[in-house]
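Colleague: Residue numbers (our numbering): 113 to 341.
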Ligand SMILES: C[S@@+](CC[C@H](N)C(=O)[O-])C[C@H]1O[C@@H](n2cnc3c(N)ncnc32)[C@H](O)[C@@H]1O
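#1: Using DSSP's beta-bridge definition, name the partner residues of residue 237.
#2: Using 8 Å as the threshold, is the C-beta distance between residue 298 and residue 330 below it?
#3: Less than 8 Å separating the beta-carbons of residue 203 and residue 121?
#4: Can you round the beta-carbon distance between residue 328 and residue 241 to whole angstroms, since I take them to be within the 8 Å contact cut?
#5: From residue 279 to residue 229, what distance separates their C-alpha atoms?
#6: Going by CA-CA distance only, name the one from 296, 163, 209, 257 that's closest to residue 317.
#7: Between which two residues does the beta strand (DSSP E) harbouring residue 155 extend?
#8: If we count Cβ pairs, one from each stretch, closer than 8 Å, do we get three or more for the segment 249-259 versus the segment 302-312?
#9: Leaving aside the five residues before and after residue 308 along the sequence, list all residues of the same chain whose C-beta is less than 6 Å from its C-beta, in chain order.
#10: Could you tell me which residues DSSP pairs with residue 296 in its beta bridges?
#11: Taking 7 Å as the cut-off, is the C-beta of residue 205 nearer than that to any heavy atom in ligand 1?
#12: Can you tell me where the alpha helix (DSSP H) holding residue 205 begins and where it ends?
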């Protein structure tokens, strides 16, 4: 963004706790004339919002993004709130798709991803993990790549799909595709929030359980991780 003024800021809001909202995120929201985000994200910035605010829902997503882009093009400063980090299954991808042929100045304010928060809670280095997100789509190519990574003994960190590829479905899928039933898995639910829960199980056990929709799943195919007390 050297030499230009950012008009559309895509702001990472962290995994949910106010403790993980950065001061860069707060400053960007304070300066914005329009703030757009899901209710859960807006509530983290109640005291920072000085301009107009718009609640984002699954239903108004397209219209709200168009409004964000059009307003930025008209010279308004817009902050678009994206949970976790905007670049990992966040709103950055959706905005880039919509703005590829338009001239709009974009800035990304990074946030703490749920993946980072999960790795921290598990005291896990994630330099070598295979990272997957099924949040937007669970294509058969991606599912096969996941099964291959597990069979190759890679540790995997993934964002499930709360409807079509839940941790339970993922575990069944991997068992059907040759994974060892004793493979350790960890499901990190609602990380940093009051109802945070971390469940250690095997693939076989996880295939018989339901988990909170908001979760990150870790598959320890290398089975080398220390268990937490
Ligand atoms: C649209 S994706 C956004 C991911 C986000 N950009 C990030 O970097 O964490 C939403 C999914 O992220 C995961 N997620 C977000 N916050 C979480 C949290 N506090 N605890 C566990 N998983 C979370 C859940 O799987 C949720 O369905």
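Built from N, CA and C at the ideal position, the CB exists for glycine as well.
Modeller: The answer reads as follows:
#1: In the DSSP output, where bridge partners are listed per residue, residue 237 has none listed.
#2: yes
#3: no
#4: That pair is no contact at about 11 Å.
#5: 18 Å
#6: 296
#7: Counting along the chain, residue 155 falls outside any beta strand (DSSP E), and DSSP gives it neither H nor E.
#8: no
#9: 302
#10: 314
#11: no
#12: 203-211
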